[in-house]
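Mapping the sequence shown onto UniProt numbering, position 46 (from 1) lands on 46, and the numbers just tick up by one. By construction, the Cβ of each residue, glycine as well, lies at the ideal position given by its N, Cα and C atoms.
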Amino acid sequence: MLMKSPAHRNRDIERQPGYLKPEHCAPPPPRSSSDTMWFIRDGCGITCGIITWLLVFYAEFVVVFVMLLPAKNVVYSLFNGVLFNGLAFLALASHAKAMCTDPGAVPKGNATKEFIESLQLKPGQVVYKCPKCCSIKPDRAHHCSVCKRCIKKMDHHCPWVNNCVGENNQKYFVLFTMYIALISFHALILVAFHFFFCFEEDWSKCSGFSPPATVILLILLSFEGLLFLIFTAVMFGTQVHSICTDETGIEQLKKEERRWAKRSKWMNMKVVFGHPFSVAWLSPFATPDHGKADVYQYIV
């Protein structure tokens with residue numbers, strides 16, 4: 001989609017000396033079948049991702065083997081076991097999808113002279129060009145120094161999922177924060193019940209571990225659950241607010257001027273989670289249908 005602009009309209013970076021010239025860009029490398037999977041090779045992000053999975057597995061171990069299996073009430077153990085394991089599975093699945101889904105990377109190296117000429121620009125039209133990854137990018141795209149790519153509708157780069165949160169994977173990131181908050185809250189409730197029912201009884205009958213080991217494991221789980229409940233609940237609320245207002249974290253931080261069409265909050269939610277509203281919103285395995293969402297423009 002093309003829009004007319006005044007001839008004097010330009011970006012400040014394009015006026016700076018040494019700005020990207022089309023002739024300095026090599027043609028983009030051809031994509032192969034090995035490029036289909038998105039994964040960022042960042043040491044910090046990979047470490048944070050592994051730590052996330054280990055923490056979930058630790059909570060799983062304490063909940064199942066320390067609290068639920070030794071419980072006398074089979075219905076109580078079965079119900080909470082299925083609920084906790086189901087939420088933990090959805091949390092890890094959402095994390096994997098957020099990490100391995102292309103967040104909306106702009107084709108790298110397409111700011112070549114030939115490609116710009118093929119756009120058949122009219123006098124006064126301006127293209128957004130990135131001097132770092134040598135790409136022509138659409139409006140609302142920003143360059144990520146970790147991913148080394150321009151990301152469409154980039155919200156932020158999250159080391160915990162080792163990826164940017166952008167146009168194509170924001171749903172999975174929101175689901176990840178929601179499910180982590182839910183299992184954290186559930187674990188805290190189970191710990192509270194375990195302490196309450198075992199406080200005046202023989203601790204050896206409440207756990208297969210020694211009383212000191214049981215107490216230490218429960219205290220560590222309480223600390224982990226409380227910390228991640230606060231962190232992910234705040235992040236979940238921030239993301240939902242960002243979606244409803246249709247303003248990314250970077251746009252809020254930079255206080256960028258709004259140049260895109262305004263939609264209702266419900267429509268903004270459907271753009272991220274899919275058209276129409278369904279139970280698939282809660283599934284990390286359902287790819288959202290963005291419906292009639294506006295296509296971000298390369299030319300302004």
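K122: buried (16+ other C-beta within 10 angstroms of its C-beta) or exposed?
exposed
From which residue to which residue does the beta strand (DSSP E) around K152 run?
R149 to K152
Could you check what DSSP says for E164 in three-state terms: helix, strand or coil?
For the record, residue 164 in the displayed sequence is Cys; it is not Glu. C164: strand per DSSP, three-state reduction.
Distance check for F185 and F196, CA to CA, integer angstroms please.
17 Å
Whole angstroms are fine: how far does the CA of E251 sit from the CA of T101?
22 Å
Considering just the uninterrupted stretch of the alpha helix (DSSP H) at A105, what are its terminal residues?
No alpha helix (DSSP H) holds A105; DSSP gives it neither H nor E.
What residue range is occupied by the uninterrupted beta strand (DSSP E) comprising A141?
A141 to C144
Assign C44 to one of two classes, buried (16 or more other C-beta atoms within 10 Å of its C-beta) or exposed (fewer than that).
exposed
Cα separation between K265 and V127?
30 Å
Measure the C-alpha to C-alpha separation of N169 and F65 and round it to an integer number of angstroms.
34 Å
Take the Cβ of T47 as the centre, count every other Cβ of all protein chains shown within 10 Å, and call the residue buried at 16 or more, exposed below.
exposed
In chain order, what residues of the same chain lie with their CB nearer than 7 Å to the CB of W281, ignoring the 5 residues before and after it?
F273 and G274
Thinking C-alpha only, which one of L182, F57 and T248 is nearest L83?
L182
Suppose you measure from the CA of M269 to the CA of I51; what does that come to, to the nearest Å?
30 Å
With a threshold of 7 Å on Cβ separation, who are the neighbours of I40 within its own chain once the five nearest residues in sequence on each side are excluded?
V146, C147, N162 and N163
Along the chain, where does the beta strand (DSSP E) containing H157 start, and where does it finish?
H156 to C158
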